[in-house]
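Right, one structure below, let's go through it.
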Amino acid sequence: MQLFIDTANLDEIRTAASWGVIAGVTTNPTLIAKEGRDFQAVIHEICQLIDGPISAEVIAQDAPGMIDEGRRYAAWDPHVVVKVPMTEEGIKATKALSSEGIRTNVTLCFSANQALLAALAGATYISPFVGRVDDTGGDGMALISEIREIYDNYVMTTQILTASVRSPNHVTMAAKMGSDVATCPFKILQQMFRHPLTDRGLEQFLADWASVPVLSGRA
Ligand code: G3P
Numbered sequence: 002m003q004l005f006i007d008t009a010n011l012d013e014i015r016t017a018a019s020w021g022v023i024a025g026v027t028t029n030p031t032l033i034a035k036e037g038r039d040f041q042a043v044i045h046e047i048c049q050l051i052d053g054p055i056s057a058e059v060i061a062q063d064a065p066g067m068i069d070e071g072r073r074y075a076a077w078d079p080h081v082v083v084k085v086p087m088t089e090e091g092i093k094a095t096k097a098l099s100s101e102g103i104r105t106n107v108t109l110c111f112s113a114n115q116a117l118l119a120a121l122a123g124a125t126y127i128s129p130f131v132g133r134v135d136d137t138g139g140d141g142m143a144l145i146s147e148i149r150e151i152y153d154n155y156v157m158t159t160q161i162l163t164a165s166v167r168s169p170n171h172v173t174m175a176a177k178m179g180s181d182v183a184t185c186p187f188k189i190l191q192q193m194f195r196h197p198l199t200d201r202g203l204e205q206f207l208a209d210w211a212s213v214p215v216l217s218g219r220a
């Protein structure tokens with residue numbers, strides 16, 4: 002499973018890129034608004050930091066408007082993936098953009114049927130929002146499992162991009178269920194590194210190493 006970072010913050014992306022394990026970036030209008038900067042400029046700078054798919058979301062609500070925006074975004078940089086909402090108009094736009102070879106990420110997916118529609122329209126990615134499903138009393142991870150089963154039944158190539166990740170456990174579950182990608186906030190990625198036994202073990206190793214006599218060749 003690939004890991005993407007779900008942010009438009011350049012400092013976070015720069016740090017995450019330095020780890021060498023982040024394969025792409027997802028943004029949405031909320032994340033872009035938080036940065037208080039020009040959309041195209043932010044997307045352009047993100048494309049310089051990560052050599053992978055960078056999702057940029059359309060704002061139009063009608064298919065012609067989405068197609069127009071999608072074509073413009075795709076022309077900004079070859080890394081750009083056009084993020085389209087899971088609506089009737091969004092699916093029309095997804096079909097049109099994918100027929101032109103423009104990669105798409107269908108977002109705001111909350112059901113297996115929505116994921117089926119996105120795959121039939123030729124979406125490159127489907128973004129099920131697992132955290133928001135959990136927020137409403139549902140089981141976000143069960144949705145990932147359902148979509149995986151449906152896509153595997155028919156050898157559908159749309160990639161499952163687990164989104165709205167709220168905990169490291171969501172990431173583990175996504176990987177176990179065969180999600181193709183999990184996109185995570187910076188904080189969750191940092192939490193994935195940590196384990197108290199790693200910290201304690203390292204502390205012990207360093208303390209023991211300090212007692213090794215210098216003449217034995219310790220650095
Ligand atoms: O990028 C979309 C998604 O990851 C949003 O997450 O936490 O706002 O539900 P959240």
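If you're matching positions, the sequence shown starts at 2 in the working numbering and goes up one per residue.
We put the CB at the ideal spot given by N, CA and C, even for glycine.
These numbers were taken from a predicted model, which means no experiment stands behind them.
(1) Can you give me the Cβ contacts of Asn29 inside the same chain, cut-off strictly under 6 angstroms, excluding the 5 residues immediately before and after it?
(2) Just to confirm my understanding: we take Ala211, look at its own chain, exclude 5 residues before and 5 after, and list those with CB closer than 8 angstroms. What are they?
(3) For Thr105 and Ala18, I'd like the C-alpha separation in whole angstroms.
(4) For the beta strand (DSSP E) that Asn154 lies in, which residues bound it at each end?
(5) If you pair each beta-carbon of the stretch 165-180 with each one of the stretch 2-16, do three or more pairs fall below 8 angstroms?
(6) So, with DSSP's three-state summary, where would you put Pro54?
(7) Which stretch, first to last residue, makes up the alpha helix (DSSP H) that contains Asn1?
(8) Could you give the first and the last residue of the continuous alpha helix (DSSP H) run that contains Gly71?
(9) Flag this pair as yes or no: are the beta carbons of Met193 and Met142 separated by less than 9 angstroms?
(10) What distance in whole Å lies between the Cβ atoms of Ala97 and Thr159, which are believed to be in contact at a cut-off of 8 angstroms?
(11) Kindly examine ligand 1 and report whether one of its heavy atoms sits closer than 8 angstroms to the Cβ of Arg72.
(12) Run the CB neighbour count on Asp39, radius 10 Å, all protein chains shown included, and call it buried at 16 or more, exposed below.
(13) Confirm the yes/no value for this check: CB of Asn29, any heavy atom of ligand 1, distance under 8 angstroms.
(14) If we call anything under 9 angstroms between Cβ atoms a contact, is Ser128 one with Thr184?
(15) Can you pull the DSSP bridge partners for Lys84?
(16) Spatial neighbours of Ile55 within its chain, please: C-beta separation below 6 angstroms, excluding the five flanking residues on both sides.
(17) Per the contact definition of three or more C-beta pairs closer than 8 angstroms, is the stretch 86-97 in contact with the stretch 63-73?
Judging by the given coordinates:
(1) Only residues of its own chain outside the window of five on either side were considered, and among them Glu58 have a CB closer than 6 angstroms to the CB of Asn29, listed in chain order.
(2) Within the same chain, Ala211 has no close Cβ partners at all.
(3) Each residue's alpha carbon lies about 23 angstroms from the other.
(4) Element bounds for Asn154: not the beta strand (DSSP E) but the alpha helix (DSSP H), Gly141 to Asn154.
(5) With the cut-off at 8 angstroms, the stretch 165-180 and the stretch 2-16 touch.
(6) Reduced to three states, the DSSP call for Pro54 is coil.
(7) Nothing in the structure corresponds to residue 1, since the chain is present only between 2 and 220.
(8) Where Gly71 is concerned, the enclosing alpha helix (DSSP H) stretches over Ala64 to Trp77.
(9) Contact: no.
(10) Going by Cβ atoms, the distance from Thr159 to Ala97 rounds to 16 angstroms, so no, they are not a contact pair.
(11) Incorrect: Arg72 has no Cβ contact closer than 8 angstroms to ligand 1.
(12) The residue is exposed, with fewer than 16 neighbouring Cβ atoms inside 10 Å.
(13) Asn29 has its CB nearer than 8 angstroms to a heavy atom of ligand 1.
(14) Between Ser128 and Thr184, the CB-CB gap stays under 9 angstroms.
(15) Answer is Glu58 and Asn106.
(16) If the five residues before and after Ile55 are omitted, its C-beta is found closer than 6 angstroms to the C-beta atoms of Val26, Ile47, Cys48, His80 and Val81, all from its own chain and listed in chain order.
(17) The stretch 63-73, when compared against the stretch 86-97, does touch it at the 8 angstroms Cβ threshold.
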